[in-house]
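Chains as they are written, first to last, in the numbering used here: chain Z, -3 to 357; chain L, -3 to 357; chain A, -3 to 357.
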């Protein structure tokens, strides 16, 4: 009897330009998810850690880490978009909307923005824009990613329409939406762990985040399960033992969250990400790898009509088994240093000096 | 000085026919437990994942996964029933009652239904019926299991009464209680991840659940701790290194939860289990094993007086390091295939077609 | 460009006698943290497990395990106090105040009580008293610890004031504050898992807690992340592989929580700790170690003006890969047995017999 009840995921020839896909498994986020995420990554940003701190700066309560929201939204798209993917090639035009609070329910839908068959005849690139919304249909995060997907049958005809979308190199700072509501009353730099505000960061400044954290199999699998991300390569040693790397591959987003948590040491007052301009998983990561990170301030801009926050565009580079005191990125030939695993280009909010000076405790 | 304050657990000669045991450690279940369970098993059933989905089909909010409720109820019984057990031999007549919601407090009591000394003189089989109730004394789950328990002293006399209870081979569909309250308004097949309804499943149909998931030591120990299951064999490498298998043994219920989570791929619309007809841990599992699963539809029945749900009786077989495309079960000699670790016979609810057709989103 | 935004932690010459440090990262504790803590340690004390049980004995609801509160308070102090520490030398005068409930927000401040340069010229001992408070500035726990900290520069001058504080050998029972509110209505010994009350424990009595639990890398790192404890030695295999032990070192407080969870088997009715008189991490622990524990009742005292609870002063000794049936502590030469990892001196509350006798269910 045929296993017809099982969903095989989509192959390259299953996608159509303009196709809209509503993904399964709406997800009510809870304080339990927040604690599980904290135990996995250990971030120390005060606004996601403390409800009084979050309320003092204009949130209703401590919001869910925006990257946890991103991973939940992303995870839902995997069974439809990337179950048969060979590689997650890139991200662009990621915008975070309203914050997610415990109790909110997140859903994801995607639109196929582009399709490009590869010359090998066996694979193609699918460009999708995924949008995560809450129970009020407010956008939580939307982003474009492109993935290399297998064809089910190399003999399948090419898609009717081939199209590579034009993607913005950067989300303009003027379009960023601060997730806070109303006017922040104050920002306590002691509670936040740093007195450095928006005015203190210079374009071109580089920051070594110093610390390293080692990945365990249980941790990256637990994270992917929490995100309901079903990509097979993360979970199945029996298959991966015979695969390309001989072991399970860590979800690329796991490295993003590790790098963000490490970046507290240098970017303690940051809120975000509020935008993802681009991102590349340069090399795969595995259990046993120790992840380090450093960041460069790429740009800084005030927020229109607000004097409480400014934006910093940051490029965070993560490495494995390689400290970042000398900011490793490219080798002499201009290629990525072999230790680099992530090159992530995003924006955060930073409180302006006037806001820090309001503060008692 | 004697360690008299320490509870040694019961041995075979400590049990009496008809004895009632109230187990320790009432447990308030929270959203934290739900998130921890999700990070451990990664199930994607929409009704336990999303409060709006759960409410649309008649729950007060997203209920706790019935298997998490089962494990919590089971865990409490371990210190009294199976701390000195050699093997958990089987399950029968398992019935799930009211759903457990975060905030509910679960307690367990058991009655000794049967006692049978083994001919070796050193062990016996104890049959117990355990009942888990909530803070309103409503039954959450009740089931019978039988375990082989050591005698404290091989010279102890046989029990006054020896009795092997008659156990039903199947919980009749007519006695199953749907956990939903009131009339479901709708069932969104897109959100649930499948359009297959009760009418689409045929008796005899077999489904390969395709995916495999590898067990880590940290995962199965964390699960057992979450369930407050104290069986020594799961936790103590120092002892188990010298034991029968040379390593820690995974709680059998861990495999049940893995198999249920894997079965989403093929049984996405199922609610349950609502009954456990029988179950056997065919072989032990260990960290490093990759668990696969397949299911067969054994029976299907309408629910009395309801046209929204029907029941499917399902046999789910889990294997280790062995994909299930060819539905492994028995070898040529009629014995279990050596890769089989679990043979689990249970019932789930499935929405009927009319209910899916009501649905917008 | 210099990594000036990164906090390097304090070195010995950075501390001043009487200095007050307000630590970063206020932390709202949730039911998610409680579940994560349970999955990590598996404690079965009824009053932290069940809200109805906790309410019956005078809590507003199930409180957060006092050791979880301790670890959260301690974790905040690490970036300022012990990031450059070589060893955590001891604890004294630890007092627990009001219980922490989910929803409370914990903050920590510390005062430098003492400074003593070591004769090696490269390190010194810093004595700090750390105080954890909730959002109402009520003390949750306060304790003194002393750590050996590196000098940034061996040539730095000695501190202006050298001082070794006088620390009490014991927190007097008369000063202990029961965390319960109002008069307990009853104590259910069956639900709690033991009928042994305060009157049943004798000074000098020793209890083997029997069970052993093996540490996994993922578990101790997850715990430290949950506590937002950033000490580098717990997380970075890449560095520690070349370090003193060739591997990551388990946070000493992890062993305290394991020992406390194991001590349920013998001290099931205990509430606490309510005081920490002293504590010593005798040897480091690593992933793969199996932790066992035993306890000795050191003292017992009634509580002033209360007939519901008495206090027990308990010394709990934890070992690795060494069962505790013979209560290992010192060798023939009077030094610690090489298997001992923790020597912990604390007090708990125990219900008095009259309180257990009130009980129905």
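Think of the CB as a built atom: it goes at the ideal place given N, C-alpha and C, for glycine as much as any other residue. Here the structure is a predicted model, which is why all the values come from computation and not from measurement.
Since residue 319(Z) contacts residue 200(Z) with CB under 8 angstroms, what's their CB separation in whole angstroms?
With a Cβ gap of about 21 angstroms, residue 319(Z) and residue 200(Z) do not count as contacting.
Quiz item: What residues in the stretch 205 to 217 of chain A bring their beta carbon closer than 9 angstroms to a beta carbon of chain C?
Solution: Protein chains Z, L and A are contained in the structure displayed, whereas chain C is not.
Partner residues on chain L for residue 34(A), Cβ-Cβ distance less than 7 angstroms:
221, 222
When DSSP labels each residue in this structure, what does residue 215(A) get in the three-state scheme? helix
| Alpha carbon of residue 58(A) to alpha carbon of residue 20(L), nearest angstrom | 16 angstroms
Would residue 257(L) pass as a contact of residue 52(L) if the rule is Cβ separation under 9 angstroms?
no
**Asked** What are the start and end residues of the beta strand (DSSP E) that includes residue 338(Z)?
**Response** 336 to 347
Discussion item. For the beta strand (DSSP E) containing residue 139(A), name the first residue and the last one.
Written reply: 135 to 146
>> Considering just the uninterrupted stretch of the alpha helix (DSSP H) at residue 99(Z), what are its terminal residues?
In response: That residue, residue 99(Z), is in no alpha helix (DSSP H); it is neither H nor E in DSSP.
Check: residue 235(A) versus chain Z: which residues are under 9 angstroms apart at the beta carbon?
Finding: 208, 286, 319
Q: Could you name each continuous alpha helix (DSSP H) segment of 4 residues or more that falls completely within the stretch 111 to 199 of chain A, going from the start of the chain to the end?
A: 185 to 188
- Task: Please list the partners that residue 38(A) has in chain L, where partner means a Cβ-to-Cβ separation under 7 angstroms.
- Result: 221, 224
task = Return the CA-CA distance between residue 46(L) and residue 72(Z), expressed in angstroms with no decimal places.
result = 13 angstroms
**Asked** Would the beta-carbon of residue 43(Z) fall within 9 angstroms of that of residue 272(Z)?
**Response** no
Problem set entry | Residue nearest to residue 295(Z) in terms of C-alpha spacing, selected from 311(Z), 304(Z), 283(Z) | 311(Z)
### Message
Check whether chain Z comes within 9 angstroms of residue 352(L), counting only Cβ atoms and requiring the distance to be less than that.
### Response
no
key: Spatially closest choice to residue 1(A) from 313(Z), 302(Z), 291(Z), by CA coordinates   = 291(Z)
Residue 247(Z) versus residue 78(A) - alpha carbon distance: 33 angstroms
- prompt: Residues in the stretch 40 to 69 of chain L with C-beta within 9 angstroms of chain Z's C-beta atoms, listed in sequence order?
  reply: 40, 41, 42, 45, 46, 47, 48, 49, 50, 57, 58
Give the DSSP bridge partners of residue 291(L), in chain order.
203(L), 312(L)
By a C-beta neighbour count over all protein chains shown, 10 Å radius and 16 as the cutoff for buried, is residue 12(A) buried or exposed? exposed
* Asked: In its own chain, which residues sit with a C-beta less than 8 angstroms from the C-beta of residue 287(L), not counting the 5 before and 5 after it?
  -> 208, 209, 210, 211, 251, 254, 255, 258, 281, 314, 315, 316, 337
- Query: Once you ignore the five residues that flank residue 237(L) on each side, which residues in its own chain have a CB closer than 6 angstroms to its CB?
  - Reply: none
Between which two residues does the beta strand (DSSP E) harbouring residue 67(A) extend?
Unbroken run through residue 67(A) is the alpha helix (DSSP H), 62 to 77; no beta strand (DSSP E).
Could you check how far apart the C-beta atoms of residue 137(A) and residue 86(A) are, in whole angstroms? I think they sit under 8 angstroms. Contact doesn't hold; Cβ gap of about 16 angstroms is too wide.
Short of 7 angstroms Cβ to Cβ, which residues in the stretch 180 to 200 of chain A face chain L?
186, 187, 188, 189, 192
Would the beta-carbon of residue 14(A) be found less than 8 angstroms away from any heavy atom of the ligand MG? The ligand content of the structure shown is nil, which means the ligand MG is not present either.
Would you call residue 342(L) buried or exposed, if buried means 16 or more other Cβ atoms sit within 10 Å of its Cβ? buried
Residue from 344(Z), 340(Z), 82(Z), 188(Z) whose Cα sits closest to the Cα of residue 118(Z):
82(Z)
* Residues in its own chain within less than 6 angstroms of residue 64(A) by CB, not counting five upstream and five downstream? -> 33
Any beta-carbon of chain L closer than 9 angstroms to the one on residue 358(Z)? Because chain Z spans -3 through 357 in this model, residue 358(Z) falls outside it and cannot be assessed.
May I ask which residues mark the beginning and end of the alpha helix (DSSP H) holding residue 358(Z)?
For residue 358(Z) there is no data in the structure shown, the boundaries of chain Z being -3 and 357.
On the CB-based measure, 16 or more other CB atoms within 10 Å of its CB, does residue 147(Z) come out buried or exposed? buried
* **Test item: CB-CB of residue 25(L) and residue 225(L) under 9 angstroms** => no
CA-CA distance, residue 345(Z) and residue 249(Z)? 21 angstroms
(Q) I want to verify the contact list: residues of chain L whose CB lies under 8 angstroms from the CB of residue 94(A), in sequence order. (A) Result: empty, since nearest Cβ-Cβ is about 20 angstroms, beyond 8 angstroms.
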